[in-house]
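J.: Residue numbers (this note's numbering): 171 to 366. Here it is, the structure in full.
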Amino acid sequence: MCFIINIYSDNQQSALKYLNNTKMNLNNVLIVTGNFNIRGNDWDFLYLYYLTHTDTLREIADSLNLELLSFIDQISTQYMDNPQDSNSVLDLIFLHANTEEFNNYIISLDFQSLSDHTFLSIYIIIKKETIQDRKQTIIKNSEKEKIFVNKLRNRISYIDTTNIYDYEKLEEVTQEFTSIAERLWYKYSKYVNITK
171 MCFIINIYSD
181 NQQSALKYLN
191 NTKMNLNNVL
201 IVTGNFNIRG
211 NDWDFLYLYY
221 LTHTDTLREI
231 ADSLNLELLS
241 FIDQISTQYM
251 DNPQDSNSVL
261 DLIFLHANTE
271 EFNNYIISLD
281 FQSLSDHTFL
291 SIYIIIKKET
301 IQDRKQTIIK
311 NSEKEKIFVN
321 KLRNRISYID
331 TTNIYDYEKL
341 EEVTQEFTSI
351 AERLWYKYSK
361 YVNITK
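See the structure below:
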């Protein structure tokens, strides 16, 4: 399983701050894209200033093993209504470092009339993969399942649950139940081959 993250970060950079705080909990991120509202001369050569948010964004990308998809032509992704304001590159795509999709993107200037931003699209190839695995199971509604359930019911009825007065006693009862269930499971279940 992998994650595709779409970002809209407001002028206070709330999404960037949230992503920075949760990056350690994210695994298998394939792509992070969207309107980051961060101007930076790394991706916009016409912008001559330095912003600390640029470093934060780069650190997040590095921690997720993502690389900035660098547009071959420096095409603005936000177009201003006021001719006095300069167009800018605010919409970015970060991809997993080892993907085939680098440079397989489209910047659709035709969609510019629907928004003040251009439409970015990227092709991601999803390959079907067959995985052989083994799983331990008891066949549903089988004779073994009936025996397993009956034996489990019978054995756990002997567990003394009358004096659970503290955490240690509760833990002891839980361990006893787990031990009974595991022994019976290994006795009546069997391994089967599965294909995912």
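For every residue, glycine included, the Cβ atom is placed at its ideal position computed from N, Cα and C.
Could you check whether Leu265 and Leu227 sit closer than 9 Å to each other, using their CB atoms as the reference points?
T.: no
J.: How would you call Leu234, buried or exposed, if buried means at least 16 neighbouring beta carbons within 10 angstroms?
T.: buried
J.: Three-state secondary structure (DSSP) at Thr203?
T.: Strand, per DSSP.
J.: Rounded C-beta distance between Leu230 and Leu262? I'm assuming under 8 Å.
T.: Just to set this straight, residue 230 is Ile in the shown sequence, not Leu. At roughly 12 Å, the Cβ-Cβ gap does not stay under 8 Å, so Ile230 and Leu262 are not in contact.
J.: Let me know the secondary structure DSSP gives Asn363 once reduced to three states.
T.: Correct three-state label for Asn363: strand.
J.: How close, in whole Å, do the beta carbons of Val362 and Arg304 come, if the pair is a contact with beta carbons under 8 Å?
T.: 7 Å
J.: Anyone know if the C-beta pair for Ile208 and Leu186 falls short of 9 Å?
T.: yes
J.: Determine whether the beta carbon atoms of Thr224 and Gly210 lie at a separation below 9 Å.
T.: yes
J.: Looking only at its own chain, which residues have a Cβ that is under 7 Å from the Cβ of Ile329, when we skip the five neighbours before and after it?
T.: Excluding positions up to five away in sequence, the list reads Val343, Glu346 and Phe347.
J.: Ordered along the chain, which non-local residues of its own chain (more than five positions away) have a Cβ less than 6 Å from that of Gln306?
T.: Ser359 and Tyr361
J.: Bridge partners of Lys305, per DSSP?
T.: Val362
J.: Verify whether the separation of the beta carbon atoms of Trp355 and Ile309 is less than 9 Å.
T.: no
J.: Thinking just about the alpha-carbon of each residue, which of Asn197, Leu200 and Gln182 is nearest to the one in Thr222?
T.: Gln182
J.: From the DSSP output, in three-state form, read off Leu262 for me.
T.: strand
J.: When you compare only the Cα positions, how much space is there between Ile326 and Ser179?
T.: In this structure, the alpha-carbon of Ile326 lies about 54 Å from that of Ser179.
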